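A quick write-up on the structure given underneath.
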Amino acid sequence: MNYRDVARGCLIRASAMLPSNSEEILRYAALELRQCLECLIYERAWCYKSVLSNDDLKEWQPSRLIKRLLEIAPYADKGVRLTMASTEDENDIIMDETERVLSRKELSKHYHKIGSYLHASFNNDLEPIALNTTSVNKTLERLSILLDEVINSPIAKLVPKAGLFTFDCKKCGERVGCEPDYTVSEFNLHCSNSKCSASYEITFDAVNHQLNYRPDKVSATCANKDCLNPVSIWQRDIKHGNTFTCGKCGLLNIIG
Ligand SMILES: [Zn+2]
Ligand SMILES: [Zn+2]
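So the mapping is simple: the numbering used here equals the position in the sequence shown, first residue as 1, plus 1.
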């Protein structure tokens, strides 16, 4: 069993129920489509499993998961175009397909909306109100068309695996990674462990066509005038009230 098969099953069951004049049936259809959306987001995350941290993998909320995924892989919610030409004649295109991927925008537009159909609704006087079946049918119908496009995309699950840039965090040891964005020469990357404050300056070396990382730290000295031991502090630790203990004289330094 894989996510796409589960998603396809959800869509088939929902489509068999639509359209309907029954509120109960529409709720079941919405439930199936919500699970379908979840499966497609989890499948996307699964494609990028090698660069997601253990913390990220515990995230089940689709909107948070895709937000995190896009921090690491800015193109993860966009389809890849695959073109193949004949070896004899480069103008003889034998394949030209673009992957249809569910975007973050589409997810946020639909996920909460259909989630709202699963709850009992009431008006300002706390009286129960019925679902507007005409509008719900329309919304679910539109979503079904979109999900059908994604599930039946001519190409799927293409990830530039070989190009993923990863290294171990110098502070906590967690795997940090990103999908290289060669259009910018420098960007900042936070450690994927939410409890770790390390961050890195990532620079693109255009000559050797490779990415380099440098811990984002600042230099300081111990506040003890008789010590003045040089220390380096992670940029994200520089917050009013944070402390560090000098390794030489043992003084507890407070960042002011
Ligand atoms: Zn770390
Ligand atoms: Zn000191």
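Note that beta-carbon positions come from the ideal geometry of N, C-alpha and C, so glycine has one too.
Note that the coordinates shown come from a computational prediction; the quantities given were computed from them, not determined experimentally.
Check, Outcome
"heavy atom of ligand 3 below 7 Å from L253 C-beta", "This structure does not include ligand 3; its bound ligands are ligand 1 and ligand 2."
"Start and end residues, beta strand (DSSP E) containing D169", "F166 to D169"
"W47 and Y4 closer than 8 Å at C-beta", "yes"
"Cβ distance (whole Å) where E180 is taken to contact N194 below 8 Å", "The Cβ separation is near 19 Å, so there is no contact."
"Completely contained beta strand (DSSP E) runs for the region 37-117, where each covers 3 or more residues", "82-86 and 94-99"
"Same chain only: Cβ atoms within 6 Å of K172, ignoring 5 sequence neighbours per side", "C197 and A199"
"Within 6 Å of ligand 1: residues by beta-carbon to any heavy atom", "C170, K172, C173, E175, C192, N194, C197 and A199"
"Beta-carbon gap between L147 and L27 smaller than 8 Å", "no"
"Straight-line gap, C228 to G251 (C-alpha atoms, nearest Å)", "10 Å"
"Cut-off 7 Å between Cβ atoms - residues of its own chain near E100, not counting five sequence neighbours on either side", "G80, V81, S154, I156, A157 and L159"
"DSSP three-state assignment for S195, whether helix, strand or coil", "coil"
"Residue from L165, E202, N213 and T246 whose Cα sits closest to the Cα of Q236", "E202"
"Spatial neighbours of R9 in its chain, beta-carbon cut-off 7 Å, leaving aside the 5 residues before and after", "I152"
"A86, buried or exposed, once every other Cβ within 10 Å from all chains shown has been counted against 16", "exposed"
"Neighbourhood of N22 by C-beta, 8 Å cutoff - its chain only, sequence neighbours within 5 removed", "T134"
"Which listed residue (F123, D206, L71 and R45) has its alpha carbon closest to that of E187", "D206"
"Rounded straight-line distance, which links the Cα of L12 to that of D149", "8 Å"
"Meets three-Cβ-pair contact criterion under 8 Å: the region 121-132 and the region 46-64", "no"
"Alpha carbon of L212 to alpha carbon of K218, nearest angstrom", "19 Å"
"Proximity of S145 and A31 at Cβ, strictly below 8 Å", "no"
"Complete alpha helix (DSSP H) runs within the region 223-254 (minimum length 4 residues, chain order)", "none"
"8 Å contact criterion, which E107 and L83 should meet: CB distance rounded", "With a Cβ gap of about 21 Å, E107 and L83 do not count as contacting."
"Cut-off 7 Å between Cβ atoms - residues of its own chain near L165, not counting five sequence neighbours on either side", "S51, V52, G178 and E180"
"8 Å contact criterion, which N254 and T244 should meet: CB distance rounded", "6 Å"
"Check: K226 C-beta below 7 Å from any heavy atom of ligand 2", "no"
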